[in-house]
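**Student:**
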Amino acid sequence: MNDTETAPPPATPAGSEPTGPPVLSVRDVDVTHRIAGGRLFAKAHLHALTGARISVRRGEVLGIVGESGCGKSTLARVLVGLQKPTAGVVRFHDEDLWGMPATRRASEFGGAVGMVFQDASTALNRRLTVRTVLRDPLDVHGRGTKAQREARVREVMDLVGLPPSAAEVLPGQLSGGQRQRVAIARALVLEPEVIVADEPTSALDVSVRAQILNLLRDLKDRLGLGLVFISHDIQTVRYLADRIAVMYLGRVVEEGPAERIVHAPRHPYTVALFSATPSLLASTERITLTGPLPSAVDPPSGCAFRTRCWKATDVCAQTAPEPRAAEEEGHLFRCHHPM
Ligand SMILES: Nc1ncnc2c1ncn2[C@@H]1O[C@H](COP(=O)(O)OP(=O)(O)OP(=O)(O)O)[C@@H](O)[C@H]1O
Ligand code: SF4
Ligand SMILES: [Mg+2]
0 MNDTETAPPP ATPAGSEPTG PPVLSVRDVD VTHRIAGGRL FAKAHLHALT GARISVRRGE
60 VLGIVGESGC GKSTLARVLV GLQKPTAGVV RFHDEDLWGM PATRRASEFG GAVGMVFQDA
120 STALNRRLTV RTVLRDPLDV HGRGTKAQRE ARVREVMDLV GLPPSAAEVL PGQLSGGQRQ
180 RVAIARALVL EPEVIVADEP TSALDVSVRA QILNLLRDLK DRLGLGLVFI SHDIQTVRYL
240 ADRIAVMYLG RVVEEGPAER IVHAPRHPYT VALFSATPSL LASTERITLT GPLPSAVDPP
300 SGCAFRTRCW KATDVCAQTA PEPRAAEEEG HLFRCHHPM
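So in numbering that gives the first Met the number 0, spot 36 of the sequence shown is number 35, and the numbers just go up one at a time.
1. So the alpha helix (DSSP H) Arg180 belongs to, where does it begin and stop?
2. Just list the alpha helix (DSSP H) runs in the region 160-244, keeping only unbroken ones of 4 residues or longer that don't cross its boundaries, in chain order.
3. Buried or exposed for Lys250, please, with buried defined as at least 16 other CB atoms from any protein chain shown within 10 angstroms of its CB.
4. Kindly indicate the opening and closing residues of the beta strand (DSSP E) around Leu137.
5. How about Leu189 and Gly58: do their beta carbons lie closer than 9 Å?
6. Shorter than 8 Å, the distance from the beta carbon of Arg305 to the closest heavy atom of ligand 2, or not?
7. Quick one: is the Cβ of Cys334 within less than 8 Å of any heavy atom of ligand 2?
8. DSSP state of Arg307, grouped into three classes?
9. Decide if Gly65 is buried, meaning its Cβ has at least 16 other Cβ atoms within 10 Å, or exposed.
10. I need the boundaries of the beta strand (DSSP E) containing Arg90, first residue and last residue.
11. Between Lys71 and ligand 1, is there a pair consisting of the residue's CB and a ligand heavy atom that are separated by less than 8 Å?
12. Could you tell me the boundaries of the alpha helix (DSSP H) in which Pro256 lies?
13. In the DSSP output, which residue or residues are listed as bridge partners for Gly113?
14. Give me the Cα-Cα distance between Glu326 and His336, rounded to the nearest whole angstrom.
15. By how many angstroms is the C-alpha of Gln147 removed from the C-alpha of Met246?
16. Which residue from Arg126, Thr128, Val129, Arg151 puts its Cα closest to that of Leu137?
17. Within the chosen definition, does the region 105-123 reach the region 177-188 through at least 3 CB pairs nearer than 8 Å?
18. With hydrogens ignored, establish whether the beta-carbon of Ala295 is closer than 8 Å to any heavy atom of ligand 1.
19. Please classify Arg333: does DSSP put it in a helix, a strand, or coil?
20. Going by the CB atoms, is the gap between Ala295 and Leu45 shorter than 9 Å?
21. Hey, Val60 and Leu239 are a contact pair by Cβ (cut 8 Å); roughly how many whole angstroms apart?
22. To the nearest whole angstrom, what separates the beta carbons of Leu226 and Leu212, a pair I think is in contact under 8 Å?
23. Hey, could you find the ends of the beta strand (DSSP E) Ala43 is sitting in?
24. Given this structure, state the Cα-to-Cα distance separating Arg125 from Ser174, to the nearest angstrom.
25. Could you tell me if the beta carbon of Ile229 falls within a distance shorter than 8 Å of some heavy atom in ligand 3?
26. Within 10 Å of its beta-carbon, does Ala196 have 16 or more other beta-carbons around it, so buried, or fewer, so exposed?
27. For Thr85, collect the residues of the same chain with a Cβ closer than 7 Å to its Cβ; drop the 5 residues on either side in sequence, then sort them by chain order.
28. Rounded C-beta distance between Met338 and Pro291? I'm assuming under 8 Å.
Pasting the structure below:
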C-alpha cells in the first residue's frame, strides 16, 4: 500500500490559534537516573533533565530541538506521564499530575495526551489488525458503545488519510508512512488535547516525511490540538513550530516564538546550533563548537554550556543562569552574557 493513495477528508471546524491556559506545563523538573559508576558496584547519577520549564497550549506547535542525548525524549516522556520526575512539578490544567489519584491520572490525563513514537514498527503490536490497534484505547477507557467505537475507528482512519481497507491488515503489511499514520490515529482516537511526537519522521524514507509533517500540521489546525514536535532537525522544527525550545545537556537553554528563536536568538548555543543551517540566520558565519560534549553524569558547574562557549567568563562557572526574559513577550533564555 503506498502513501499517496488517499486524500485527507474535508476540514472539521476547530481553532488553529493557540488558545486558553496551558494544558500541560512542567516547572523546575529534574530527571536523574541511577547508573553503574566507574568503580566496581559504585552508583552514579545521570542528569537526563535539569530544571525544565515548558508549557503547551491547544492550537500551538512547540518544537523541541537539540543534539542527541540532550534530554528531548526524557522531556517527552515526562510530558505524557511515562516518566515521573525526580523533582519538580508537572501540571495538567490546574492539577499536579503526580498528586492525582492513579485512576484519574489514567482516565483523564491518559485520554487527554497522546504520544507518537519515532518507530511505528516497534510501537504498534504486530499481531493485531489496524482496527484492533485503534479500538484498543477505546476499549480500555470504556468509551461509547461497541458500534460507537467502531465508528470512531473509521472516523480516525479517515482523519489521518488511511483507506478503510487498511482496517483489516497487520501493521507489518503497511508501508512505513502508512504505519506512522496508524500510530498517529492511535494517538488521536481518544480525542486528546495534546499530542507529543518524538522524532515521528526520522525512521521514514525522505519521500514520505513531508506527507507525515503536513498531516500533523493539518491535524493540529483542524482539531485545535496542541502538538509537541521533537526533532534534532532544525529545518523540520522551524517548518512546523510556533514556539521553539532549544535543549543542551538536559537543560532548556532558550524558548520562545519560532521567529524570534530563529532570527534573534539570545543564547550562544542556539546561535551555534542554528549556524549549522546558514540559511536560517542573517549571518552566514558558521560557528564550530570545540571540545567534547560534557558528561551528563558530571555536568559542568554553573552554566552547562561554559566548556564550549566562546563568551564564558568566571561567573558562568560559578552560577547557573536563571531564565531571563528577552524584549519579546514569551522569549526566555538562560545566559549571563546573551547575544
Ligand atoms: N533509563 C535510562 N537510564 C539511564 N540513562 C538514561 C535513561 N534514559 C535516558 N538516559 C540518558 O539520559 C540522557 C538523555 O537521553 P534522551 O533519550 O532523553 O536524549 P535525546 O535528546 O532524546 O537523544 P536522541 O536525540 O538520541 O533521541 C542521555 O544521556 C541518555 O543516555
Ligand atoms: S552563561 Fe556564560 S557560558 Fe553559558 S552560554 Fe552564557 S556566556 Fe556562555
Ligand atoms: Mg530521543
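For each residue, glycine too, the CB sits at the ideal point set by N, CA and C. Since this is a predicted model, take the numbers as computed values, not measurements.
**Tutor:** To lay it out plainly:
1. One-based indexing of the sequence shown puts residue 180 at position 181. Here the alpha helix (DSSP H) through Arg180 covers 175-187.
2. 175-187, 205-222, 233-239
3. Along the sequence shown, one-based indexing puts residue 250 at 251. The question names Lys, but residue 250 in the sequence shown is Arg. Answer is buried; the Cβ neighbour count reaches 16.
4. Taking the sequence shown and counting its residues from 1, one reaches residue 137 at position 138. Leu137 -> not in any beta strand (DSSP E); alpha helix (DSSP H) instead, spanning 129-139.
5. Here the question's residue 189 lines up with position 190 in the sequence shown. Here the question's residue 58 lines up with position 59 in the sequence shown. Result no, Cβ atoms of Leu189 and Gly58 do not sit closer than 9 Å.
6. Along the sequence shown, read from residue 1 onward, the residue named residue 305 stands at position 306. Checking every heavy atom of ligand 2 against the Cβ of Arg305, one is found closer than 8 Å.
7. On the sequence shown, residue 334 is found 335 positions in, with the first residue counted as 1. Flag set: Cβ of Cys334 near ligand 2.
8. Indexing the sequence shown from 1 puts residue 307 at position 308. Correct three-state label for Arg307: helix.
9. Numbered from 1 along the sequence shown, position 66 holds the residue referred to as residue 65. Burial call: buried.
10. Translated into the one-based positions of the sequence shown, residue 90 becomes position 91. Unbroken beta strand (DSSP E) run through Arg90: 86-91.
11. Start at 1 with the first residue of the sequence shown, and residue 71 comes out as number 72. Yes.
12. The residue you call residue 256 lines up with position 257 of the sequence shown. Counting along the chain, Pro256 falls outside any alpha helix (DSSP H), though it belongs to the beta strand (DSSP E) covering 250-256.
13. Here residue 113 is taken as the residue at index 114 of the sequence shown, counted from 1. Bridge partners of Gly113: Ile194.
14. The sequence position of residue 326 within the sequence shown is 327, counting from 1. The sequence position of residue 336 within the sequence shown is 337, counting from 1. So the two alpha carbons sit approximately 15 Å from each other.
15. Numbered from 1 along the sequence shown, position 247 holds the residue referred to as residue 246. Numbered from 1 along the sequence shown, position 148 holds the residue referred to as residue 147. Roughly 42 Å separates the two Cα atoms.
16. Your numbering for residue 137 matches position 138 in the sequence shown. Comparing Cα-Cα distances from Leu137 to each of Arg126, Thr128, Val129, Arg151, the minimum goes to Arg151.
17. yes
18. On the sequence shown, position 296 is the one that residue 295 refers to. True, at least one ligand heavy atom lies under 8 Å from that Cβ.
19. Here residue 333 is taken as the residue at index 334 of the sequence shown, counted from 1. Correct three-state label for Arg333: coil.
20. Residue mapping note: residue 45 aligns to position 46 of the sequence shown, counting from 1. Residue mapping note: residue 295 aligns to position 296 of the sequence shown, counting from 1. Taking 9 Å as the Cβ cut-off, Leu45 and Ala295 qualify as a contacting pair.
21. As a first step, residue 60 is located in the sequence shown; it is residue number 61 there, counting from the start. As a first step, residue 239 is located in the sequence shown; it is residue number 240 there, counting from the start. Going by Cβ atoms, the distance from Val60 to Leu239 rounds to 5 Å, so yes, they are a contact pair.
22. Position 227 of the sequence shown, counted from the first residue, corresponds to residue 226. Position 213 of the sequence shown, counted from the first residue, corresponds to residue 212. Contact flag wrong, Cβ pair sits at about 11 Å.
23. Indexing the sequence shown from 1 puts residue 43 at position 44. Unbroken beta strand (DSSP E) run through Ala43: 42-57.
24. One-based indexing of the sequence shown puts residue 125 at position 126. One-based indexing of the sequence shown puts residue 174 at position 175. Cα-Cα distance, rounded: 13 Å.
25. Counting from 1 along the sequence shown, the entry for residue 229 is found at position 230. Indeed, a heavy atom of ligand 3 lies less than 8 Å from the Cβ.
26. By one-based count along the sequence shown, residue 196 stands at place 197. Buried is the call here.
27. As a working mapping, residue 85 is identified with position 86 in the sequence shown. Excluding sequence neighbours, Thr85 sits near Asp29, Val30, Thr31.
28. Taking the first residue of the sequence shown as 1, we reach residue 338 at position 339. Taking the first residue of the sequence shown as 1, we reach residue 291 at position 292. Actually they do not touch by this definition, with Cβ atoms about 23 Å apart.
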